[in-house]
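Encoded as structure tokens, the structure appears first; notes follow it.
Residue numbers (our numbering), protein chains in the order written: chain B, 336 to 622; chain X, 402 to 670.
And the structure:
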């Protein structure tokens, strides 16, 4: 796949026919600058990476690196100031229907005036489904995240971890091609986090979901993914693309004891620390 | 964390304390007015007896209203509710338009703030001048003066919707009419209800004011008539009826609010 510039949207049709070679998600030279002139802040610079079908790619970087900006650009929630994002070969503008997002702040992404069921069903109202199909999808996706029988509760009656499960169920019911997750487990406790990580792995293995997972947690990025993309800070750009060849199924204890795991997490952690120090040095040089 | 039973007990205790204060107030009022005879301050027993016989002695099919009750109370309540109803529609619709576009909000906000802080009664002469003394004047007067709290609260409410909730809706390509109805409206509803409550009690005040200035029927007119003709008990019983009406309206809107915002109390707890 070439990253030739400028991209021509005219060959979308032919690209669609080559699904086998075209990556599902193709991020080409995406850059983003907030503001203009003196106060301009470059958050992303020439980001390029690809996500293949069925792959779980983790993006990890120092805090404040612009991970959320990246996710907003990739999802189409915010247009990037340069570059393009292609989904199944088609350049996206706005959020494509094949894509779902799970946000970090579950308490603000769910709707407190709707029951769990209604929250999950809400995006489905835009799809042409019969009432029965809709109810079936809601039931099924709630079961997939382990929330059977919780449909008539309200989100605020559930724990944080369960609320995030609802948000995941909502994404699943929508049946997206790609699931984007923006630090989804950053505000739950450690045990809940481990449970939710294993839930994500199960979704990937059982449903073949393609997932782009943004996190600041090194262990999490290695434990979950097939590939880890390490970001630099200010502006963020991909400084390493590391294959994670850990055996599947993964296990919170056994996998993390493997030499390969320990090496990988060390490698990623070192890269992030270097990137963080580099950013700090550049900041003080400017100041 | 209190158990529901403890909560209910605490609530019951609060109610009992409140009720005993009301009872004490009426007992004192009765005792004082009975022992010191003051022509302008009849005992509450006399006032309530008059209120019942004059206003509420009627059969059930006329809502327990007497003929006078129906003739005086219904026009008043009618004017008030129509005026308030117009204000609700106007305030919520305009509030959405202004609230959804921050630039329009920035343009109108100072003007709205100015209008809101103007004592409404001061505008009555203008309404009298333009619209005369009829029901239309009273309805318009009530509508255009109680619309401000609804408008401001709706603008506020619409502006305070969570960005992540809107982002989620956008991520799922929810069409904007549904975003408006299923996300922005419910988010704004707690603030809108605050506006509705304020404007309803304001509407009651303005109804009385307008009826005292220019009317031939209504509660306000009856109270003023009682004072002018030295039927002091009639004046007081009108006031009692008015306060009963106020309490009733408040209960009604609170019931509506707690029905519509059950999720809100839960989410806040």
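Beta carbons: idealized from backbone N, C-alpha and C, even for Gly.
Note down, in chain order, every chain B residue with its Cβ under 8 Å from the Cβ of residue i.
i                      : result
residue 577 of chain X : Residues of chain B passing the Cβ test: none, with the nearest at roughly 11 Å.
residue 422 of chain X : Residues of chain B passing the Cβ test: none, with the nearest at roughly 35 Å.
residue 477 of chain X : Neighbours of residue 477 of chain X on chain B: none; closest Cβ ~36 Å, over 8 Å.
With a threshold of 8 Å between beta carbons, is residue i in contact with chain B?
i                      : result
residue 566 of chain X : yes
residue 574 of chain X : yes
residue 405 of chain X : no
residue 418 of chain X : no
residue 582 of chain X : no
residue 503 of chain X : no
residue 664 of chain X : yes
residue 587 of chain X : yes
Starting from residue i, find everything on chain X with Cβ-Cβ shorter than 7 Å and list it in chain order.
i                      : result
residue 520 of chain B : Correct list: empty, because the minimum Cβ distance to chain X is about 16 Å.
residue 443 of chain B : 563, 565, 566
residue 509 of chain B : 573
residue 533 of chain B : In chain order: nothing, as chain X lies at least about 24 Å away.
I'd like to know whether the C-beta of residue i is nearer than 8 Å to at least one C-beta of chain X.
i                      : result
residue 351 of chain B : For residue 351 of chain B, the predicted model reports a pLDDT of 45, less than 50, meaning its position is unreliable; a value from the coordinates is still stated below. Chain X, which has no Cβ nearer than 8 Å to the Cβ of residue 351 of chain B, makes this no.
residue 412 of chain B : yes
residue 460 of chain B : yes
residue 548 of chain B : no
So which of the options has the shortest CA-CA distance to residue i?
i                      : options                    : result
residue 560 of chain X : X/593, X/471, X/539        : X/593
residue 608 of chain B : B/419, B/473, B/553, B/478 : B/553
residue 362 of chain B : B/529, B/380, B/596, B/385 : B/385
residue 451 of chain X : X/476, X/526, X/632        : X/632
residue 454 of chain B : B/575, B/397, B/490        : B/490
residue 525 of chain B : B/496, B/547, B/540        : B/496
residue 652 of chain X : X/669, X/598, X/528        : X/598
residue 556 of chain B : B/415, B/578, B/487        : B/578
residue 494 of chain B : B/464, B/451, B/458        : B/451
residue 669 of chain X : B/443, B/484, B/410        : B/443
residue 611 of chain X : X/569, X/481, X/410, X/602 : X/481
residue 586 of chain B : B/530, B/602, B/472, B/604 : B/530
residue 575 of chain X : B/391, B/367, B/456        : B/456
residue 514 of chain X : X/666, X/557, X/537, X/529 : X/557
residue 513 of chain B : B/610, B/615, B/611, B/391 : B/391
Which residues in chain X sit within 9 Å of residue i, going by Cβ to Cβ distance?
i                      : result
residue 470 of chain B : Those within 9 Å of residue 470 of chain B in chain X number zero; the least Cβ separation is about 18 Å.
So with CB distances below 9 Å, who are the chain B contacts of residue i?
i                      : result
residue 667 of chain X : 447, 489, 491, 492
Look up residue i in the DSSP assignment and say whether it is helix, strand or coil.
i                      : result
residue 369 of chain B : strand
residue 630 of chain X : coil
residue 602 of chain B : helix
residue 549 of chain B : strand
residue 418 of chain B : strand
residue 377 of chain B : strand
residue 436 of chain B : strand
residue 561 of chain B : coil
residue 544 of chain B : coil
residue 400 of chain B : coil
residue 622 of chain X : helix
residue 520 of chain B : coil
residue 361 of chain B : strand
residue 382 of chain B : strand
residue 395 of chain B : strand
residue 594 of chain B : helix
residue 571 of chain B : strand
residue 575 of chain X : coil
residue 425 of chain B : strand
residue 665 of chain B : Residue numbering for chain B in the displayed model covers 336 to 622; residue 665 of chain B lies beyond these limits and cannot be assessed.
residue 577 of chain B : strand
residue 462 of chain B : coil
Residues of chain X with a CB under 8 Å from the CB of residue i: which are they?
i                      : result
residue 435 of chain B : 572, 573
residue 432 of chain B : 574
residue 438 of chain B : 565, 568, 569
Would you say residue i lies against chain D (beta-carbon separation less than 8 Å)?
i                      : result
residue 607 of chain X : The structure shown contains no chain D; the protein chains it does contain are B and X.
Between residue i and the ligand SAM, is there a pair consisting of the residue's CB and a ligand heavy atom that are separated by less than 7 Å?
i                      : result
residue 606 of chain X : No copy of the ligand SAM appears in this structure; indeed no ligand is present at all.
Exercise. Kindly confirm or deny that the stretch 560–576 of chain B and the stretch 517–531 of chain B touch, where touching means at least three C-beta pairs closer than 8 Å.
Key: no
Quiz item: Do three or more CB pairs link the stretch 409–424 of chain B to the stretch 357–373 of chain B at distances below 8 Å?
Solution: yes
Practice problem: Please determine if the stretch 521–529 of chain X and the stretch 537–545 of chain X are in contact, where contact requires at least 3 C-beta pairs separated by less than 8 Å. | Solution: Contact holds: three or more Cβ-Cβ distances are below 8 Å.
Quiz prompt | Stretch pair the stretch 557–575 of chain X + the stretch 437–449 of chain B: three plus CB contacts closer than 8 Å | solution = yes
Quiz item: Does the count of Cβ pairs from the stretch 535–552 of chain B and the stretch 587–595 of chain B closer than 8 Å reach three?
Solution: no
Exercise. Count the CB pairs spanning the stretch 614–632 of chain X and the stretch 569–589 of chain X that are closer than 8 Å, and state whether there are at least three.
Key: no
Self-check item: the stretch 469–482 of chain B / the stretch 401–410 of chain B touching (three or more Cβ pairs under 8 Å)
Solution: no
Quiz item: Taking contact to mean at least 3 C-beta pairs separated by less than 8 Å, is the stretch 510–520 of chain X in contact with the stretch 613–628 of chain X?
Solution: no
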